[in-house]
Amino acid sequence: MTTNEPSRTQWLGRWGFVMAATGSAVGLGNIWKFPYMTGEYGGGAFVLVYLACILSVGVPVMMSEIAFGRRGRGSPVDAFRRLVTESGRSPLWSVLGWMAMLCGFMILCFYVVVAGWSFSYLWKMLSGSLAGSSVDDMAAIFGANNANPWNLGGWSTLVTVLTMVIVGKGVQGGIERSTSWMMPGMVVMLVIMIIYGMFSGGFADALTFLFAFNASELSSEGMLAAMGHAFFTLSLASGAILTYGSYLPKHASIGRTTLTVAVADTLVALMAGLAIFPAIFANGMQPDSGPGLIFMSLPLAFQAMPFGQLFGILFFIMLAMAALTSSISMVEATVSWLTDNAGISRRGASWSTGIVLWVISTLAMLSFNIGSDWTLLGMHFFDWLDYLTSRLMMPLGGLGMVLLAGFVLNKHVMRDELGLSPRVYALWLFMVRYVSPLGILVIFINALGVASV
Ligand code: PFF
Ligand code: NA
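Residues in the sequence shown are numbered consecutively from 2, following our numbering.
Take a look at the structure:
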């Protein structure tokens, strides 16, 4: 039943997919979220659990998702329906597809707010308005930027519009191109900042903070956060990678592709940590300052370094671009589902998705100003979107996916689709059957025991 479909758009070979998947993976997760979560959960122990989760859960799940997408040829909902039908299993499994699609959309609803911060800081850098600010000024500036809903909402609206315009233009034209220069540019910027950090006086502290493992810092809540972040940073269980996989040509190697994306993503995150924490320690800031961490610390580094304004501008351009190549991947599942099932054009699908996105993301944006006391169990709407997706939906969706890949689908389906050598296939199967599900369950149940939302 997958063969009588009109031919689906395809990437221009494996490289086009690698570019798009790397563009999806590398984003605010690496540069904004990884540093502030590492700061919040105490450093080295969080980093270690995160790295372990990338290897033991992230890589096997990403391979499975690409295979699901390519085999099922469609949005997560359609792909899972086809896959379970092909293997004669219960159609109930397509719930995984609905959850992934919803999850990608929910992430996008708060992601555009953070991307809006990146754009507004690009603007601040361009206008030079941050020059000469002290540590305390930076915190006040971040606060003031949030306090005005017209300002903050203007920036997140800009991101929403840009995202939907790119998506409306289609897979090939819109997405593929930007990553090929954005990624190397980002790496160059981070290298410059790391080199500067080496001479800024905070580098040794940064190294210790990021890489010294201290088991006593390892809370079960922190472990769940680290695992959730492994899913988030690789764009897993949210429809993005699966839908991109549906455009991957048959002959491309899923194993090598996954490794390329996972290594690139991990390197950028670690480099971001090495670029940001020296600035934090050199300025006597607290690593656990929360979501504003990079916006309050990086401008201090730019203001102290030679050609700082220029580098700052380039950095925030890269950050904004990285955010966009990720945000476009989050709606791809929904837009692809709408175009395949509701008979709307791609452009129509992206505009209707965009309107819903704009309404919900505006509510998330209001968490920082007029809605600052709309809380439930102490968390704002913005926090809830993050919490529900990273701590609940992605780990559970990932669990469902590895069980589906490892036990439920007919064995030949994944074996044929992955096209691995027998040894590597055996390793993958062992991971999705035992290591990943047990890892997810242990961390999950452990955190439930002490869960204080
Ligand atoms: N991986 C992206 C990042 O690290 O910024 C975030 C993301 C993209 C999450 C796409 C989920 C997704 F579907
Ligand atoms: Na990432």
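Cβ coordinates follow ideal geometry from the N, Cα and C atoms, glycine included.
The model shown is predicted, which means the values in this text are computed figures rather than measured ones.
Rounded to the nearest whole angstrom, the C-alpha separation of V414 and W359 is 39 Å.
The beta carbon of S221 sits closer than 8 Å to the beta carbons of I444, N447, A448, G450, V451 from its chain, once the five residues preceding and following it are set aside; these are given in chain order.
Around the Cβ of I371, a 10 Å sphere holds fewer than 16 other Cβ atoms; the residue is exposed. Taking G154 as the centre and dropping the five residues before and after it, the same chain places the C-beta of T363, M366 closer than 7 Å to its C-beta, in chain order. In the displayed model, L377 falls within a strand according to three-state DSSP. S25 is a Cβ neighbour of I329, given a cutoff of 9 Å. The straight-line gap separating the alpha-carbon atoms of S181 and T164 is approximately 18 Å. Between the ligand PFF and V27, a heavy atom-to-CB distance of less than 8 Å is present.
The DSSP-derived three-state label of M297 is helix.
C-alpha of P279 to C-alpha of M224: approximately 24 Å in a straight line.
In the structure shown, D289 adopts coil according to DSSP, grouped into three states.
Every alpha helix (DSSP H) stretch that sits fully inside the segment 41-91 and reaches 4 residues is listed by chain position as 45-54, 60-73, 77-87. Between the alpha carbons of V50 and M199 lies a distance of about 26 Å.
With 16 or more other CB atoms across the displayed protein chains lying within 10 angstroms of its CB, Y42 is buried. For F317, the Cβ stays outside the 8 Å cut-off from all heavy atoms of the ligand PFF.
C-alpha of T390 to C-alpha of M322: approximately 23 Å in a straight line. Checking the 8 Å criterion, the Cβ of F233 is within range of a heavy atom belonging to the ligand PFF.
Going by C-alpha positions, S298 is about 24 Å away from L159.
When the Cα atoms are used, D417 and D206 turn out to be separated by approximately 49 Å. Here DSSP, grouped into helix, strand and coil, assigns V27 to coil. Taken atom to atom, the span from the alpha-carbon of A116 to that of W124 is near 13 Å. Here DSSP, grouped into helix, strand and coil, assigns H230 to helix. Between L386 and G28, the alpha-carbon positions lie close to 18 Å from each other. In this structure the segment 261-278 lies against the segment 12-23, because at least three pairs of beta carbons, one per stretch, are closer than 8 Å.
Per DSSP, the unbroken alpha helix (DSSP H) holding L320 starts and ends at 309-342. Just so you know, the alpha carbons of G133 and S201 end up roughly 17 Å apart.
Under the DSSP assignment, N147 falls in the alpha helix (DSSP H) whose first and last residues are 136-148. Per the Cβ contact rule, the segment 419-427 is not in contact with the segment 74-92 (fewer than 3 Cβ pairs under 8 Å). For the options A145, G355, S217, R71, the alpha carbon positioned closest to that of Q11 is the one of R71. Residue environment: I441 is assigned as buried (16 or more neighbouring CB atoms within 10 Å of its CB, all protein chains considered).
For the ligand PFF, a non-hydrogen atom lies closer than 8 Å to the CB of Y112.
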